[in-house]
Structures are given as structure tokens and as C-alpha cells.
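Take a look at the structure below.
In the working numbering, the protein residues as written are 101 to 471.
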């Protein structure tokens, strides 16, 4: 008997009724994000979270992102609501969810309770930080270059005293031959799918608690996190295996004035640590010095000199990064996403990664800008 040919993805079209119900659910959600208060979210994990910066055999773990996680939860919450009202569409909704995680065109951009800031050329950035590790004594570790700043000191993380991060091997996928390179056909594609050429490991971080800073609707954030706890949805990678489950969380107001930058607090070292990936060209455009020797404070446009930054952008610098004027110091460049979800290819660009240090302009006057 001749075996049947495998069914292509085109044989499973999206159900327009289910798709429309998801879009209607997205339109029905709204949050009040106009509050200027900076909130701190303390998120404690019941099981270790896996936050690898890249799919590579590296010991330095990445950090979790609050906005990307909330996007994931918002989609899942809407799916549950639609399934409850239209149980007959369950199979179609599950298929569409599966497709949305793999195809950008199937993703519904649900609003989340985090303020969005508009940068140059219409770039939207969520006004919140990545997850900052919290020590057993409750001290927040702020990324500073290749180290973390804590209580006026630079420390390594993970620490040698506590041992290296454990690893989760991914050996179910094929590995490209090393000694005898061969030309693979389309039936064995090493770039994607079950035959993707990976034999790497994910490392989970040693801490079980993270701190996030954000502006937005704290009640909305609480609702989504409560949903994650009820549905046993973890943060990070390999959550279906039980990693990254949330034990408890706490949201409270802070006295901070910036969300994407924080004074590292080391005596004699006036630096602001970047707490989120930001497009490289955007930060370079905003980097100025008093003498104008880093980036000109004005540009020639149509025969007239114009300021590089609009009046509102000077205020935005202070609101996001903690200084109206700053220059770049110790930049960490990479090619990554600057807005969630992280797997959307159109969101990838050259960025300055969290841990990049900014030098407040007030340093040249002997002053210091606190965030």
C-alpha cells in the first residue's frame, strides 16, 4: 500500500470566525497607562526559570522580559475567554495559537498594561525594564557591562561561590556533520524544524526572584500574572516542562523617575546602566556632550540649523534613561529584538543591550544625575 503524502500546512486554513473573535477580544481590552508613577514588580519563581540570551552553549544567562511575557499571557487569556464562549471553536483556536507562535502573520497584537513610548521614526518601545536578579538578602543586581552593580560594588553573576548554572540538554535535534560536510536537501533542513542543527544547552539562572520597573496599569499587570499562576504558565523557556512557574509576586510604587536607566551607585563612577535593549541608532542620536564632540547638538537641514532632539525628547531622555543629556560609555552591541514578541523577525535590529553604560552630561560639571 502506497503511504499517503504528508499534509501540508495549507490544508489547515485558519478559521476566520475564530480569528475574528480573537481580534474582537483584543479590541475590547484597554488599560490606563497615563500614570507617571514607576512601579516595581517583585516576581518570585517556584521553579527555576530558563533565560538563555541565545540558543548557544554559554554560561552567561539572559534575563527575562516583562513586556514579552505579558504579550504571551494576553493572547492566552483571550484564547481561554473565546473557548469558554464558543467551545465549538476549540480545535481551531488551538491550531491558530500554534500557527501564531511560528508565523508573524497569525499573531494578534493584544494591548498590555505597560506604557508605550514612541521614539524616532515611529519606533515603539515599552516603558519597562528587563528582569533584574534579586539576591537572597533582597538586593537588586543592576547590569553594568560584564558585571552587576549591587550596593556600590561590581559583582559577577552567577557567583563562583554558588556554583555554575545547571544545564538542560537539547539532544533531540540533528547535528550537522563536522568531519564530513555534506549537502543537505530540502528534506533535511538544518535551519528549522525537527532537523534543525542544534546540540546546544539552555542554562537556568540561580536566583528565584526578579525585579521589574515599569510605568502602566498595575491592576492590569496583576490580572495577567494572576492568570499565569492559575493556568500554571511559566516565564522563560521550556515552560511546558515546568520551568519558570510563578510562586508569588508583589507590585508597589517607587520613588524612581526612570525605567530604562539606573544610577549604578558606585562612588567616583557616575554611570547610568541601561536596563533594556534599545535600537543603537536611537541611543546614538540622543547621545550629546556639552562641547558637542560626541554627536553634534544641531544638524544642517535645508540650509538651517535644527536641534537633533525635539523639546519633548529631552524630557523623554530624563523619563526613560535618567538624564536629559548623556553620552555612550562601554556600549554592548548586538543584533536583537527591541520590541516583543521576541520571535518576530521584523522587530530585529542592531541594539545596545542592557548593561550598556551611559555617562550623564552633568558629569562634566562635577554633578550627578540620579534616576
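Here a beta-carbon is modelled for each residue, glycine too, at the ideal position from N, C-alpha and C. Quick caveat: nothing in here was measured; it's all calculated off a predicted structure.
| Item | Value |
| --- | --- |
| Contact the region 332–346 vs the region 134–154: 3+ CB pairs below 8 Å | yes |
| Rounded separation between residue 186 and residue 438 - CA only | 35 Å |
| Cutoff 6 Å; reference residue 413; Cβ partners in own chain excluding five residues on either side | none |
| Within 8 Å, strictly: CB atoms of residue 114 and residue 182 | no |
| Buried/exposed call for residue 411, threshold 16 Cβ in 10 Å | exposed |
| Paired residues, beta bridge with residue 351 - DSSP | 141 |
| At least 3 beta-carbon pairs within less than 8 Å: the region 160–169 vs the region 223–230 | yes |
| Nearest candidate by alpha-carbon position, reference residue 374, set 136, 454 and 237 | 454 |
| Which of helix, strand or coil DSSP assigns to residue 342 | coil |
| Residue 380: first and last residue of the uninterrupted alpha helix (DSSP H) it sits in | 380–386 |
| Residue 255 in three-state terms, based on DSSP | strand |
| Backbone CA spacing between residue 420 and residue 170 [nearest angstrom] | 20 Å |
| Range covered by the beta strand (DSSP E) that runs through residue 374 | 372–374 |
| Buried or exposed by the 16-neighbour rule on C-beta atoms within 10 Å, applied to residue 196 | buried |
| Limits of the unbroken alpha helix (DSSP H) element including residue 411 | 411–421 |
| Rounded C-alpha distance that separates residue 422 from residue 444 | 29 Å |
| Any non-hydrogen atom of the ligand NAD closer than 7 Å to residue 184 Cβ | What this structure holds is no ligand at all, so the ligand NAD is not there to describe. |
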